[in-house]
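There are 2 protein chains.
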Amino acid sequence: MFNSRKLKLALALGFISLSGQAQTSKIDSLAIRKIYDEALANGKSYENLQYLCTQIGPRLSGSEGATKAVNWTKQLMEGMGFDRVYLQEVTVPHWVRGEKEKAKIKYKNGSQEVQICALGGSVGTGKKGIKAPVIEVKTFEELQRLGREKVQGKIVFYNRPMNQQYIDAFDAYSGAVDQRGSGALEAAKLGAVGAIVRSMNLAIDDYPHTGGMRYEENGTKIPSAAISTLGAETLSRLLKEDPDLQLEFTMNPQTLPEVPSHNVIGEIKGTEFPDEIIVVGGHLDSWDLAQGAHDDGSGCMQAIEVLRLMKALNIKPKRTIRAVMFMNEENGNRGGRKYAELATTNKEKHLAAIESDNGGFTPRGFALEATPAKIEKVKKWQDVLAPYGLAEIGPGHGGTDIGPLRSDNIALIGFKPDSQRYFVYHHAANDTFDKVNRRELELGGASMAALVYLLDKYGL
Amino acid sequence: MFNSRKLKLALALGFISLSGQAQTSKIDSLAIRKIYDEALANGKSYENLQYLCTQIGPRLSGSEGATKAVNWTKQLMEGMGFDRVYLQEVTVPHWVRGEKEKAKIKYKNGSQEVQICALGGSVGTGKKGIKAPVIEVKTFEELQRLGREKVQGKIVFYNRPMNQQYIDAFDAYSGAVDQRGSGALEAAKLGAVGAIVRSMNLAIDDYPHTGGMRYEENGTKIPSAAISTLGAETLSRLLKEDPDLQLEFTMNPQTLPEVPSHNVIGEIKGTEFPDEIIVVGGHLDSWDLAQGAHDDGSGCMQAIEVLRLMKALNIKPKRTIRAVMFMNEENGNRGGRKYAELATTNKEKHLAAIESDNGGFTPRGFALEATPAKIEKVKKWQDVLAPYGLAEIGPGHGGTDIGPLRSDNIALIGFKPDSQRYFVYHHAANDTFDKVNRRELELGGASMAALVYLLDKYGL
Chain A
1 MFNSRKLKLA LALGFISLSG QAQTSKIDSL AIRKIYDEAL ANGKSYENLQ YLCTQIGPRL
61 SGSEGATKAV NWTKQLMEGM GFDRVYLQEV TVPHWVRGEK EKAKIKYKNG SQEVQICALG
121 GSVGTGKKGI KAPVIEVKTF EELQRLGREK VQGKIVFYNR PMNQQYIDAF DAYSGAVDQR
181 GSGALEAAKL GAVGAIVRSM NLAIDDYPHT GGMRYEENGT KIPSAAISTL GAETLSRLLK
241 EDPDLQLEFT MNPQTLPEVP SHNVIGEIKG TEFPDEIIVV GGHLDSWDLA QGAHDDGSGC
301 MQAIEVLRLM KALNIKPKRT IRAVMFMNEE NGNRGGRKYA ELATTNKEKH LAAIESDNGG
361 FTPRGFALEA TPAKIEKVKK WQDVLAPYGL AEIGPGHGGT DIGPLRSDNI ALIGFKPDSQ
421 RYFVYHHAAN DTFDKVNRRE LELGGASMAA LVYLLDKYGL
Chain B
461 MFNSRKLKLA LALGFISLSG QAQTSKIDSL AIRKIYDEAL ANGKSYENLQ YLCTQIGPRL
521 SGSEGATKAV NWTKQLMEGM GFDRVYLQEV TVPHWVRGEK EKAKIKYKNG SQEVQICALG
581 GSVGTGKKGI KAPVIEVKTF EELQRLGREK VQGKIVFYNR PMNQQYIDAF DAYSGAVDQR
641 GSGALEAAKL GAVGAIVRSM NLAIDDYPHT GGMRYEENGT KIPSAAISTL GAETLSRLLK
701 EDPDLQLEFT MNPQTLPEVP SHNVIGEIKG TEFPDEIIVV GGHLDSWDLA QGAHDDGSGC
761 MQAIEVLRLM KALNIKPKRT IRAVMFMNEE NGNRGGRKYA ELATTNKEKH LAAIESDNGG
821 FTPRGFALEA TPAKIEKVKK WQDVLAPYGL AEIGPGHGGT DIGPLRSDNI ALIGFKPDSQ
881 RYFVYHHAAN DTFDKVNRRE LELGGASMAA LVYLLDKYGL
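So the protein lines, in turn, are chains A and B. If you count by our numbering, then the first sequence holds residues 1 to 460, one letter each, in order. If you count by our numbering, then the second sequence holds residues 461 to 920, one letter each, in order.
See the structure below:
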């Protein structure tokens with residue numbers, strides 16, 4: 001049982017200001033309260049996400065799912081009566097996984113299957129697979145010290161876990177993802193025949209997590225796969241018992257010719273400054289293994305919800321508000337680059353771009369890539385945002401898709417939900433709709449809408 | 461990909477102060493950083509919770525599970541080498557559910573089963589069950605307006621949903637739980653034969669959520685059950701189609717004679733002021749339907765973890781730190797009352813009591829029941845706590861178990877994790893270990909330990 005929390009209500013209604021520097025008004029507090037009321041009572045992002053995840057599903061660039069997602073989100077926004085809904089054509093890579101990967105550790109006392117998945121962009125092993133001894137490393141420095149003599153002909157096993165001690169899970173990701181991105185490339189330089197990378201996962205379980213990797217343009221291309229964290233622990237333990245064990249793995253992904261795809265855009269025209277644009281967006285493509293519920297169906301459905309909330313509440317923005325579903329964040333960022341290219345060509349003026357690509361979890365704040373003056377201005381809005389759990393407003397990463405828009409004239413803003421659970425699901429088969437909580441998702445959309453409301457009203 | 465976050469690191473290390481009024485030091489920042497490091501890298505509350513949930517399971521007061529939980533937590537703390545581990549005997553109610561409840565709606569075109577569960581403390585229907593027409597109300601005022609004429613002989617169906625528009629889910633709970641607590645009592649006054657209450661659940665699903673209810677001492681006792689939110693929606697819809705439909709339900713819980721049980725206490729003796737006590741606690745009993753993972757296995761395992769962290773980090777507190785596993789929060793609060801009674805008898809001086817009974821979710825802050833001066837003092841510690849997501853520090857509810865300790869000399873402090881998901885699981889069969897995220901749980905224990913560190917060092 002809990003006592004009433006009058007203080008919080010007073011804060012939510014703006015009757016008490018947390019800061020002497022507040023530049024917002026009671027009108028803003030009430031407008032923002034209405035945005036959250038509508039989102040929590042009648043929000044549509046959860047049911048829209050359910051459709052995207054369960055009726056369309058995986059949507060890697062170039063796939064049938066991606067095409068379906070483009071058509072469906074266009075129809076969805078058209079049905080909402082936005083002022084304009086349109087597509088931007090963009091050419092995207094087309095990588096396909098092929099049949100399910102297999103991997104087996106063969107050690108002196110037996111053999112053990114482990115769960116792996118090809119990393120996005122990797123070449124295959126051929127039908128016969130690769131069988132070779134394994135050398136475990138934690139860092140590229142360690143790999144260099146081992147040198148060609150100890151690496152040649154082997155499979156390099158990158159097994160540096162994400163550092164649990166970071167509070168923000170994205171910091172742990174940043175500190176480990178070099179293994180996935182450049183592991184194959186560095187191993188190939190020393191004559192390795194394959195690279196196996198511990199999944200970017202903060203939990204110990206049996207889901208392998210895919211993700212992007214790259215080769216050097218003229219370098220040797222060796223197959224690279226992620227192994228589940230449980231599999232990584234097993235492989236490491238068995239290597240201690242039997243350093244001569246061999247890993248046998250088969251995967252046959254293919255890189256097909258590039259294909260046309262699309263960014264999907266919906267907009268509400270500004271009443272006073274229609275040429276000033278505020279973007280809210282997420283990326284519509286997902287990895288092929290899962291429904292892409294948190295990454296990034298959530299962000300797309302929240303972006304659409306921002307515009308729906310404005311229509312439902314009869315908020316007529318002064319500036320043009322655009323929901324952008326970017327294509328191909330996962331393996332190319334072609335959509336983000338195309339959007340920025342066309343913005344330049346069309347001499348569009350962007351005031352701010354907000355991206356939601358950190359999962360559909362409970363809101364924590366916003367991270368800004370912007371001039372110090374712009375960051376200070378947004379921080380002063382904290383008094384009307386804090387009652388909704390948006391306490392963390394400060395410098396940080398905006399988003400991959402909006403990154404190419406970077407300039408001193410625009411604020412790139414990353415929506416920050418709580419990060420603790422994200423890397424249990426990220427790029428893995430368990431990133432499914434049932435992992436999303438309705439209230440957390442709708443609160444995220446409302447938080448983005450509240451910030452759009454303030455950006456539109458006060459400029460930046 | 462994410463940029464480095466040097467600002468946050470600087471904040472975490474205390475090199476930047478968020479407030480000119482900071483009373484903490486860099487030493488505190490570093491000590492707290494070590495607490496989180498230990499909890500995230502080597503925390504034991506998650507694996508302890510797994511044992512409690514999966515090897516012991518449900519542990520309603522008076523049950524075999526409760527006895528096992530008492531013995532196991534005592535052993536667990538003894539194994540951790542605390543200065544003293546002991547039991548406090550407390551007599552508790554012994555209510556048992558009996559065989560699984562059944563309910564069926566019989567309407568003109570057919571019949572439909574719905575999921576119900578007896579509310580804790582309810583009487584039964586008898587073997588033959590109850591079959592009666594249903595009258596739906598949203599409030600007690602509405603019930604009064606209907607009057608005896610329209611209520612007599614019927615089953616009153618309380619169907620006011622938790623209000624989705626509250627940001628803090630506990631506020632929504634406070635606003636709806638009167639139906640569960642007093643629904644049967646008020647219905648009986650007007651001659652109703654049963655009371656069916658919409659589950660206290662913010663999601664629409666098919667789990668009925670049990671919980672405490674009460675009768676008037678000399679009032680008529682009618683059977684009272686919770687219906688799943690999905691079942692409530694169905695019943696309400698069918699009532700509109702056929703107001704004469706009947707609900708048939710059977711449940712046969714029993715109230716058995718009271719039995720002895722125990723609070724379980726572990727303590728680390730203070731080096732300077734051993735007679736000043738700081739309590740960290742949760743309640744060891746759970747409802748009988750589930751494992752009680754979030755409610756409140758989490759809080760108990762976090763309380764033990766606070767002491768384990770101090771031992772592991774060789775923190776020697778000036779004051780005595782006690783982990784208390786209270787018995788019988790769910791249907792009597794006998795453990796909480798017994799603890800306070802013995803504290804008075806033994807003339808113990810309690811500085812503060814922190815309770816974790818809001819689930820094992822990601823930390824948000826602390827709610828304080830204390831004098832304004834004490835609240836202000838704790839708020840000034842925000843600069844060393846904010847880097848860990850503990851932004852919400854202010855007045856609020858402490859906890860049911862620690863409530864009986866209330867006085868001006870003590871601060872009652874409720875640990876506040878994020879509230880959004882709690883009421884999907886609260887008192888229902890899906891409150892299981894798999895719903896707990898390891899990092900979120902361990903962060904909670906670390907947050908409580910950080911506050912204990914500051915309370916111990918600076919007093920209050």
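Cβ atoms here follow ideal geometry from the backbone N, Cα and C, with glycine treated the same way.
Backbone secondary structure at residue i - three-state DSSP
i, result
"B/Trp532", "helix"
"A/Met327", "coil"
"B/Tyr918", "helix"
"B/Gln714", "strand"
"A/Ala225", "strand"
"A/Ile105", "strand"
"B/Arg866", "coil"
"A/Ala99", "Looking at the sequence shown, residue 99 of chain A is not Ala but Glu. Looking at A/Glu99 - three-state DSSP - the assignment turns out to be coil, as it is neither helix nor strand."
"A/Gly147", "helix"
"B/Gln548", "strand"
"A/Ala450", "helix"
"A/Gln179", "helix"
"B/Leu707", "strand"
7 Å Cβ cutoff, residue i in contact with chain B
i, result
"A/Gln21", "Residue confidence is low: A/Gln21 scores 43 on pLDDT, short of 50, so the model does not pin down where it sits. No coordinate-derived value is stated."
"A/Ala391", "yes"
"A/Tyr51", "no"
"A/Leu40", "yes"
"A/Asn437", "yes"
"A/Tyr46", "no"
"A/Tyr388", "yes"
"A/Thr255", "no"
"A/Asp418", "yes"
"A/Thr54", "no"
"A/Thr362", "yes"
Closer than 7 Å to chain A by CB, residue i
i, result
"B/Glu900", "yes"
"B/Gln625", "yes"
"B/Arg881", "yes"
"B/Thr804", "no"
"B/Thr497", "Per the sequence presented here, residue 497 of chain B reads as Asp, with Thr not at that position. Output row for B/Asp497: interface = yes."
"B/Thr680", "no"
"B/Thr689", "no"
"B/Ala910", "no"
Segment limits, beta strand (DSSP E) that includes residue i
i, result
"B/Ala871", "871–877"
"B/Val655", "Residue identity check: residue 655 of chain B is Ala in the sequence provided, not Val. Note, B/Ala655: beta strand (DSSP E), 654–658."
"B/Gln572", "570–573"
"B/Tyr618", "615–618"
"B/Lys591", "590–597"
Residue i CB to nearest heavy atom of the ligand SAM below 6 Å
i, result
"A/Glu355", "Because no ligand of any kind appears in the structure shown, any question about the ligand SAM cannot be addressed here."
Residue interval of the alpha helix (DSSP H) (run including residue i)
i, result
"B/Gly742", "Looking at the DSSP string, B/Gly742 is not in any alpha helix (DSSP H); the run it does join, the beta strand (DSSP E), is 733–743."
"B/Phe630", "629–634"
"B/Ile764", "758–772"
"A/Val424", "422–425"
### Message
Check whether the stretch 367–385 of chain A and the stretch 805–817 of chain B touch, using three or more Cβ-Cβ pairs below 8 Å as the test.
### Response
Pairwise C-beta distances place the stretch 367–385 of chain A out of contact with the stretch 805–817 of chain B, as fewer than three of them are shorter than 8 Å.
### Query
Can you give, in chain order, each stretch of the alpha helix (DSSP H) that sits fully within the stretch 806–851 of chain B and has at least 4 residues?
Entirely contained in the stretch 806–851 of chain B, the alpha helix (DSSP H) runs reaching 4 residues are, in chain order, 832–839, 842–845.
### Query
Do the stretch 395–415 of chain A and the stretch 334–345 of chain A make contact, defined as three or more Cβ pairs closer than 8 Å?
Contact between the stretch 395–415 of chain A and the stretch 334–345 of chain A is present, because at least three Cβ pairs lie under 8 Å.
### Task
Specify whether the stretch 824–837 of chain B and the stretch 753–761 of chain B touch according to this definition: at least 3 beta carbon pairs, one from each stretch, less than 8 Å apart.
Too few Cβ pairs lie closer than 8 Å, so no.
### Task
Could you tell me whether the stretch 596–616 of chain B touches the stretch 648–665 of chain B, where touching means 3 or more Cβ pairs closer than 8 Å?
They touch, by the three-pair rule.
### Segment contact flag, the stretch 280–299 of chain A with the stretch 122–141 of chain A, C-beta cutoff 8 Å, min 3 pairs
No, the stretch 280–299 of chain A is not in contact with the stretch 122–141 of chain A.
### Task
With a floor of 4 residues, list each alpha helix (DSSP H) that falls wholly inside the stretch 24–66 of chain A, ordered by position along the chain.
Runs found: 26–42, 45–51.
### Message
Any contact between the stretch 53–67 of chain A and the stretch 94–104 of chain A? By contact I mean 3 or more CB pairs, one from each, below 8 Å.
### Response
Counting Cβ pairs under 8 Å, three or more are found: they touch.
### Message
Counting beta carbon pairs with one atom in the stretch 684–691 of chain B and one in the stretch 726–744 of chain B, are three or more of them shorter than 8 Å?
### Response
No, because fewer than three Cβ pairs between the stretch 726–744 of chain B and the stretch 684–691 of chain B fall closer than 8 Å, the two stretches do not touch.
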